[in-house]
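*Asks:* Taken in sequence, the protein lines are chains A and B.
Taking the numbering used here, the leading residue of the first sequence gets 3, the next gets one more, and so forth.
Taking the numbering used here, the leading residue of the second sequence gets 63, the next gets one more, and so forth.
Using N, Cα and C, we set each Cβ at its ideal position, and we do this for glycine too.
All values derive from a computational prediction rather than experimental measurement.
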Amino acid sequence: MAIAHSSSTEKAFAPAKKSTRTAYFLLAPGILWLLVFFAFPLINLAETSTKTPAPTFETGEFVQTFRFANFFDAFAANQEQFFRSFFYALCATLLALAIAYPLAYAIAFRSGPWKNFLLVMVIAPFFTSFLLRTLAWKQILGAEGPVVSTLQFLRILPSDATITATAFSVIMGLTYNFLPFMTLPIYASLDRIDYRLLEASGDLYANGATTFRKVTLPLSMPGVVAGTLLTFIPSSGDYINAQLLGSPDNFMIGNVINSRFFRVVDYPTASSLSFILMATILVLVVIYIRRAGTDELV
Amino acid sequence: MIRIYAAAAVFYILLPIFYTIAFSFNDADKRNIVWRGFTIQAWLNPCEPIGICEALGNSFKVGITATIAATALGTMIAFALGRYNFRGRATTNLLIFLPMATPEVVLGASLLSMFININVGAGLVPVIIAHIMFCISFVVVTVKARVASLDPKLEEAARDLYASDWETFRRVTFPLVAPGIAAAALLAFALSFDDFIITNFNSGTVNTFPEYVWTASLRGVPPQANVIGTLMFVIALVSVFAGQAISKRKQTRR
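Below you can see the structure in the form of C-alpha cells.
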C-alpha cells in the first residue's frame, strides 16, 4: 500500500512539460480539506493542551494560560499507560509480522488457483464490524468459551484461570485486528518480485534459505516497513481492545485520553496526552524509516 | 508446510467471523454469549432492538457521502502526484502521509477540540467531515499506485493518433485507472462504515452502527447486531467475487 516505489521511477512517469497550474487545480480541494480538518485541528489540540480550568470552575470551561507544564504533568501521571501502549503495540506488531509474512509468502508464491480466494479471506475481516469481531474474541477466549474449557480439560490451565482480562488477550486482539494491514503490503511487495530473480539465485547455487535471505527478504522490505507501520501506529493509540478484552490493569494511553475527554471532561490533559502520543509516534516512525532506508513515504 | 501454516492463519482470521455469523442464529438471552439453541427469530425482526436500524441508516449516510467526496478529492490528488511535476511535492506527500501516521484517538480528539473551540455542536455533519478527511489519504495511496503503474507509452500512442488531452484522458487514462479508483472507493467505504473511535469523538448523541454495538456491549449485544454484521459480510463477499468474475470474463473476451 504505502511506501511503494522510489522517487526516481516516479519522476520518470511525471512528464515535466505539463502545466503546473493543472496540478495545483487538482490538488487544491483535497489539500484544503486536509489543512482545514487535519492540520488546523492539530493546532487547536496544541492550543487546548496548555489551557487551565477557568476561575469559575465550571465543567468544560478552560482558559488559555500557556501552562506548558501540562505536558510534563500529563506524562508523569500516565507514564505507565504510555509504556504499556508502546509495549503492547510492539508485541502485536511482531506477532502480526510472524503470522502475516508466511501467509503473504504462501499467497504470492504457493497458492496456485487459490490466490484470489485467499486474498479475499485476508480482507474478509474488513467486511464485518471490528467491534463485533472483538466481541467474538471475548466470547471465544472468555470463561465460558471453547479455548478455556479445552485448556482446562487438558489440565494446561487451572480451573479458575481466565484468558480474557489479561495482557495476552489484549495483545492477541490487537494482533488480530490489524493483521490485514500487515499482510496486504507484504503480499503486494512479494507479488511484485520477478520470479526470474529467484531462479537466477538458484542457478548460482544458492539454496532455498540463502535465496530467501539474500533475494526475497530484501526485495520485500518495503512491504514489511509499510505493514509494521500500519500495524504499530493504530495499535499504540487503540483503546477498544484494552476495554473489551482487558481489565483496567491493561488500559492503554487511548483509554486514558478517551476517559479524560468524556468522563472527566479534562480537555487540557487529554489534549496534552494526545500530543505526546503523536509526537512520540512521529519520532519513532522517522527513526524507523531512516534505519530501514526508505525515504518515499506514500 | 507453508500451506498448512497459511490455512491455519486463514482459520484464525475467519474464526471470529464464524462466531459472529453463528450467534446471529442463537436463541439468545440478554447477553448472547452462550449458545442456547438455534432460531431465526433475530433474522425475522432485524430492526427490533431500539435504535439499531436508525444507527445502521446513519452509517450508510456517512459512509456513502464520505466515500464519494473522499474518492473524488483523493483521485484528483493522486493524478496530480502521479502525472505532474510541481513545487511543494514533498510537502503534499507529507500532508497525505501524516493522517495515516496519526492514531485515531488523536485525530478524533483534535477535531473535537476544534469543534469545541469554534462552537460547532457534535453530530452527523462533523462525522462526515472527519471521515472524508481520514479516507482521502487511503484513496490517494491506492489510486496513485495504479497511476504510477500505467505505461506512459499508451497515452503517447493516443496523442500520436491525434487524440486531444481530454480524449486521451477519457478514453485511455481513465479506463485504465478506473479499477484502482473502484478499489479505493471500496476501501474508503469499508473504513468509514467500520470506524468507531473518530466517530465516537464527534457524533454527540447521534449513533452509527459501530457506536450502537459499543453501547450495547455494556449490557449485552442483541443477536440482531450479528444479523446486520452477517448481512454486510455476505453482501461484500458476493460483490467482491462477482467483481472478480466480471473482470476475468472481460479479460478472456479481449
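Leaving out the 5 sequence neighbours to the left and right, which residues in its chain are closer than 8 angstroms to residue 68(B) when beta-carbon positions are compared?
*Replies:* Nothing meets the Cβ criterion.
*Asks:* Starting from residue 132(A), find everything on chain B with Cβ-Cβ shorter than 8 angstroms and list it in chain order.
*Replies:* Residues of chain B passing the Cβ test: 256, 258, 272.
*Asks:* Residue 261(B) lies in the alpha helix (DSSP H); which residues open and close that run?
*Replies:* Looking at the DSSP string, the run of the alpha helix (DSSP H) that includes residue 261(B) is 259-264.
*Asks:* Extract the residue ranges of the beta strand (DSSP E) inside the stretch 78-115 of chain B, only unbroken runs of 3 or more that lie entirely within it.
*Replies:* Listed in chain order, nothing qualifies, since the stretch 78-115 of chain B has no complete beta strand (DSSP E) run of 3 or more residues.
*Asks:* Just to make sure I have the definition right: I need the residues of chain A whose C-beta is within less than 7 angstroms of the C-beta of residue 81(B). Which are they?
*Replies:* By Cβ distance, chain A contributes 138, 141, 142.
*Asks:* Curious, which full-length alpha helix (DSSP H) runs of at least 4 residues does the stretch 159-246 of chain A contain?
*Replies:* The stretch 159-246 of chain A contains these whole alpha helix (DSSP H) runs: 169-193, 197-205, 210-213, 219-239.
*Asks:* So who's on the other strand from residue 65(A), going by DSSP bridges?
*Replies:* Its beta-bridge partners are 54(A).
*Asks:* Does residue 290(A) come out as helix, strand or coil in the three-state DSSP assignment?
*Replies:* Reduced to three states, the DSSP call for residue 290(A) is helix.
*Asks:* Should residue 166(B) be flagged as near chain A, meaning a C-beta pair shorter than 7 angstroms?
*Replies:* True, the Cβ-Cβ gap to chain A drops below 7 angstroms.
*Asks:* How many Å lie between residue 119(A) and residue 304(B) at the Cα?
*Replies:* Each residue's alpha carbon lies about 12 angstroms from the other.
*Asks:* Do you know how far the Cα of residue 246(A) is from the Cα of residue 140(A)?
*Replies:* Spanning the two alpha carbons is a distance of roughly 7 angstroms.
*Asks:* Excluding the 5 residues flanking residue 254(B) on each side, which residues of the same chain have their C-beta closer than 7 angstroms to its C-beta?
*Replies:* 124, 125, 128, 129, 193, 197, listed in sequence order.
*Asks:* Are residue 152(B) and residue 25(A) closer than 7 angstroms when you measure CB to CB?
*Replies:* No, the pair does not count as a contact, with Cβ atoms beyond the cut-off.
*Asks:* If distances are taken between C-alpha atoms only, which option among 260(A), 134(A), 212(A) comes closest to residue 165(B)?
*Replies:* Out of 260(A), 134(A), 212(A), 260(A) has the C-alpha closest to the C-alpha of residue 165(B).
*Asks:* Using three-state DSSP, classify residue 280(A) as helix, strand or coil.
*Replies:* Three-state result, residue 280(A): helix.
*Asks:* Which same chain residues end up closer than 6 angstroms to residue 274(A) when comparing Cβ atoms and leaving out the 5 residues on each side of it in sequence?
*Replies:* Closer than 6 angstroms at the Cβ level, and outside the excluded window around residue 274(A), lie 51, 72, 73, 76.
*Asks:* At a cut-off of 6 angstroms, is residue 186(A) close to the ligand FAD when judged by its beta-carbon and the heavy atoms of the ligand?
*Replies:* Among the components modelled here there is no ligand, and therefore nothing to report on the ligand FAD.
*Asks:* Quick check on residue 132(A): does DSSP put it in helix, strand or coil?
*Replies:* The answer is helix: DSSP assigns residue 132(A) an H, G or I state.
*Asks:* For residue 321(B) versus residue 218(B), is the C-beta distance shorter than 7 angstroms?
*Replies:* One cannot answer for residue 321(B) here, as it falls past the ends of chain B, which runs 63 to 316.
*Asks:* Which ranges would you report for the alpha helix (DSSP H) in the stretch 191-228 of chain B if only whole runs of at least 4 residues count?
*Replies:* Fully enclosed alpha helix (DSSP H) runs of 4 or longer: 214-222.
*Asks:* Residue 175(B) lies in the alpha helix (DSSP H); which residues open and close that run?
*Replies:* Its alpha helix (DSSP H) spans residues 166-179.
*Asks:* Run through chain A and tell me which residues come within less than 7 angstroms of residue 65(B), C-beta to C-beta.
*Replies:* Within chain A, the residues near residue 65(B) are 108, 112.
*Asks:* Could you pull out every residue in the same chain whose Cβ sits closer than 6 angstroms to the Cβ of residue 77(B), ignoring the five residues on either side in sequence?
*Replies:* No residues qualify anywhere along the chain.
*Asks:* With the cut-off set at 7 angstroms, would you say residue 124(A) and residue 185(A) are in Cβ contact?
*Replies:* Yes. Within cutoff.
*Asks:* Can a CB atom of chain B be found closer than 7 angstroms to the CB of residue 203(A)?
*Replies:* By this cut-off, residue 203(A) is not an interface position.
*Asks:* Would you tell me roughly how many angstroms separate the C-alpha atoms of residue 237(A) and residue 91(A), rounded to the nearest one?
*Replies:* Answer to the nearest angstrom: the Cα atoms are 5 angstroms apart.
*Asks:* So with Cβ pairs under 7 angstroms, would you call residue 265(B) a contact of chain A?
*Replies:* It does not; no Cβ of chain A falls within 7 angstroms.
*Asks:* The alpha helix (DSSP H) spanning residue 98(A) covers which residue range?
*Replies:* Looking at the DSSP string, the run of the alpha helix (DSSP H) that includes residue 98(A) is 81-111.
*Asks:* Hey, could you find the ends of the alpha helix (DSSP H) residue 239(B) is sitting in?
*Replies:* Where residue 239(B) is concerned, the enclosing alpha helix (DSSP H) stretches over 236-256.
*Asks:* Residues of the stretch 235-248 of chain B in Cβ contact with chain A at a cutoff of 7 angstroms, in chain order, please.
*Replies:* The stretch 235-248 of chain B vs chain A, Cβ under 7 angstroms: nothing.
*Asks:* Assuming residue 98(A) and residue 180(A) are in contact, meaning their beta carbons sit under 8 angstroms apart, how far apart are those beta carbons, in whole angstroms?
*Replies:* That belief holds up - the Cβ atoms of residue 98(A) and residue 180(A) are roughly 6 angstroms apart, short of 8 angstroms.
*Asks:* Step through the CB atoms of chain A and report whether any lies within less than 7 angstroms of the CB of residue 224(B).
*Replies:* No, its Cβ sits nowhere closer than 7 angstroms to a Cβ of chain A.
*Asks:* Which residues bound the alpha helix (DSSP H) around residue 25(B)?
*Replies:* Only positions 63 to 316 of chain B appear in the structure, and residue 25(B) is not among them; the question remains open.
*Asks:* Can you list, in chain order, the residues of its chain with a C-beta nearer than 7 angstroms to that of residue 128(A)? Leave out the 5 residues immediately preceding and following it.
*Replies:* So the qualifying residues of the chain are 182.
*Asks:* Assuming residue 187(A) and residue 229(A) are in contact, meaning their beta carbons sit under 8 angstroms apart, how far apart are those beta carbons, in whole angstroms?
*Replies:* Yes, they are in contact, since the Cβ atoms of residue 187(A) and residue 229(A) sit about 4 angstroms apart, within 8 angstroms.
*Asks:* Along chain A, in chain order, which residues have C-beta atoms closer than 7 angstroms to that of residue 291(B)?
*Replies:* Here the neighbours are 130, 131, 134.
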